[in-house]
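Here's the structure, in structure tokens; my notes come after.
Residue numbers (my numbering), protein chains in the order written: chain A, 43 to 306; chain B, 66 to 401.
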């Protein structure tokens, strides 16, 4: 400790100490918060991934989508839909469908992450299409703009998905699902692939930066507490009306019957 | 008279009169009355507790506490108890008052007979006399200056509502029939204000568009309400259009007014698979492949189609203004 006492009055001591402290803090933080990177699939593994996906596809998907994903009478062709589409449909559990209803709904995924990736790699190998998006790769928290996202959501998404993202009805039993609880990557994939009834929102129409803003707005709407009392599902006049008509008018009828009854 | 004659006639029923009044138990039994009194007091006390709950939650409860209710989900506790407190305090006052009236207040049945509405002749004469005396005292007959100025003042007051009627105008002129779209107006994204090239839209893609603003121009809300357009791209071979309407599309890109021809809601629920456009208000459904033909719902005519072409820079522009008024019907509109 001899040299500290020797140099501590130097005018460089303060800045040097600050730099050293920042360096130690930074390295400690990055070591502590470091996540082990997943090994990037080497080129040779990619072919095995595609082969694995092909086998999964043949067993689980080909009965509807055809042996070469060419589509059939009850299912569309998957040529050119890209890995993003597969990742969205399989990753959210929509595919494989549970029944032949008008719409595949979100449920617990049948395939795990690795299997989904294999399926996506196989379908992407058939024809080019948008690549799958990982939630972790999206810097929506840092780059997104909540206010801009809200404006974009109200113009482009709210007509189907409701002004608070709660979802809504379409024609013939189809519906726009609630976007609450959806993974950021899945929201992004839905916008670029246009799953089921949903149209595509191209990158030139809603830029990637704007897409991140939409995700940030959805996440803020998700976290927003209902400060004004009961939210009633945030679906607006539908539940409010239902509640006042059933509970309100029902209660008034009960009171009216009691008022008119004869006392004994 | 024989009994045979009598058998055909029905003996007239005698007026049964008003059923005998049965008094309540509280009228006859002092114990029951005491019980009812207690019940009323309990109801009023519950109301008092409701008020205390209201005051407590208003004053002391923090606004960020949330409680979980079975049907309602996560609910803000302060708002919940404010509402509950006020509801209890008001409802139980009413409940107690009605219970009090029904159980304890006098239970006499009173018959009030109807009488003629016309007043007694002497009362009517008195009234005329009083009015005449009043008019005489005020000098209505003599002081004609007051009479005339009062008449003028009252007449002018009568004019003011007529003046307010002017606010119903002026007539909208061509506001209903004209939009901001002109030949060569660029289609821009909303929001974002970026011009669009055909290559920006994939098959199955949509864009919410507005006419491009000139530099320095501001977007007016009443214009958005007329100018909003939905741009849709499908495969060109899916169109079932006549030659003119087909010439209004570009490489499978077609544009429709977003304002519903029924009641003017924004029709933007586009189902990519069925190529149907659905209006959220009254479920009018339009078929995009057949120039927005109405296939379901109350709308009377298709959505107006905007003719598209490409300008020198390769951006999508309007070939011409809308050929018909957008939005719902109005009196002066040509229904054709």
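Every residue, glycine too, gets a C-beta built ideally from N, C-alpha and C.
Remember, predicted model here, so these are calculated numbers, not experimental data.
C-beta neighbour in chain A for residue i, strict 8 Å
i	result
residue 382 (chain B)	no
residue 267 (chain B)	yes
residue 122 (chain B)	no
residue 341 (chain B)	yes
residue 397 (chain B)	no
residue 89 (chain B)	yes
residue 256 (chain B)	yes
residue 329 (chain B)	no
residue 139 (chain B)	yes
residue 350 (chain B)	yes
residue 385 (chain B)	no
C-beta neighbour in chain B for residue i, strict 8 Å
i	result
residue 266 (chain A)	no
residue 247 (chain A)	yes
residue 110 (chain A)	no
residue 201 (chain A)	yes
residue 142 (chain A)	no
residue 238 (chain A)	yes
residue 125 (chain A)	no
residue 242 (chain A)	yes
residue 48 (chain A)	no
residue 134 (chain A)	no
residue 263 (chain A)	no
residue 306 (chain A)	yes
residue 322 (chain A)	Not covered by the structure: residue 322 (chain A). The range shown for chain A is 43 to 306.
Span separating the alpha-carbon of residue i from that of residue j
i	j	result
residue 113 (chain A)	residue 328 (chain B)	40 Å
residue 372 (chain B)	residue 320 (chain B)	7 Å
residue 395 (chain B)	residue 205 (chain A)	29 Å
residue 259 (chain B)	residue 126 (chain A)	26 Å
residue 244 (chain B)	residue 281 (chain B)	19 Å
residue 200 (chain A)	residue 284 (chain A)	22 Å
residue 306 (chain B)	residue 192 (chain A)	37 Å
residue 82 (chain B)	residue 205 (chain B)	58 Å
residue 356 (chain B)	residue 292 (chain B)	18 Å
residue 250 (chain B)	residue 276 (chain B)	6 Å
residue 176 (chain A)	residue 123 (chain B)	46 Å
residue 367 (chain B)	residue 286 (chain B)	24 Å
residue 251 (chain A)	residue 374 (chain B)	29 Å
residue 202 (chain B)	residue 177 (chain B)	41 Å
residue 346 (chain B)	residue 152 (chain B)	33 Å
residue 73 (chain A)	residue 47 (chain A)	31 Å
residue 137 (chain B)	residue 148 (chain A)	23 Å
residue 359 (chain B)	residue 379 (chain B)	32 Å
residue 294 (chain A)	residue 270 (chain A)	25 Å
residue 54 (chain A)	residue 186 (chain A)	41 Å
residue 111 (chain B)	residue 180 (chain B)	45 Å
residue 239 (chain B)	residue 245 (chain A)	38 Å
residue 63 (chain A)	residue 51 (chain A)	18 Å
residue 79 (chain B)	residue 303 (chain A)	29 Å
residue 210 (chain B)	residue 235 (chain B)	40 Å
residue 130 (chain B)	residue 331 (chain B)	38 Å
residue 223 (chain A)	residue 274 (chain B)	29 Å
residue 168 (chain B)	residue 147 (chain B)	31 Å
Distance CB(residue i)-CB(residue j) smaller than 8 Å
i	j	result
residue 213 (chain A)	residue 343 (chain B)	yes
residue 253 (chain A)	residue 230 (chain A)	yes
residue 90 (chain B)	residue 97 (chain B)	yes
residue 296 (chain B)	residue 227 (chain B)	no
residue 151 (chain A)	residue 134 (chain A)	yes
residue 391 (chain B)	residue 322 (chain B)	yes
residue 124 (chain A)	residue 172 (chain A)	yes
residue 272 (chain B)	residue 261 (chain B)	yes
residue 288 (chain A)	residue 208 (chain A)	no
residue 88 (chain B)	residue 174 (chain B)	no
residue 243 (chain A)	residue 198 (chain A)	yes
residue 348 (chain B)	residue 236 (chain A)	no
residue 304 (chain B)	residue 350 (chain B)	no
residue 246 (chain B)	residue 387 (chain B)	yes
residue 172 (chain B)	residue 92 (chain B)	yes
residue 9 (chain A)	residue 68 (chain A)	The first residue shown for chain A is 43 and the last is 306, placing residue 9 (chain A) beyond what the model contains.
residue 393 (chain B)	residue 326 (chain B)	yes
Expected contact under 8 Å - CB spacing of residue i and residue j to nearest Å
i	j	result
residue 298 (chain B)	residue 270 (chain B)	5 Å
residue 404 (chain B)	residue 318 (chain B)	As shown, chain B starts at 66 and ends at 401. That puts residue 404 (chain B) outside it, with no answer to give.
residue 107 (chain A)	residue 91 (chain A)	The Cβ separation is near 19 Å, so there is no contact.
residue 141 (chain B)	residue 267 (chain A)	7 Å
residue 143 (chain B)	residue 154 (chain B)	Not confirmed; about 16 Å, so no contact.
- Query: Does the segment 149–164 of chain B come close enough to the segment 183–197 of chain B to have 3 or more Cβ pairs within less than 8 Å?
  - Reply: With a cut-off of 8 Å, the segment 183–197 of chain B and the segment 149–164 of chain B do not count as touching, because too few Cβ pairs lie within range.
- Task: State whether the segment 157–176 of chain A contacts the segment 95–113 of chain A, with contact taken as three or more CB pairs (one from each stretch) at a distance under 8 Å.
- Result: Remark: three or more beta-carbon pairs, one from each stretch, lie closer than 8 Å, so the segment 157–176 of chain A and the segment 95–113 of chain A are flagged as touching.
- Message: Could you check whether the segment 177–189 of chain A touches the segment 256–267 of chain A, counting it as contact only if at least three pairs of C-beta atoms, one from each stretch, sit closer than 8 Å?
- Response: Result yes; three or more Cβ-Cβ pairs closer than 8 Å.
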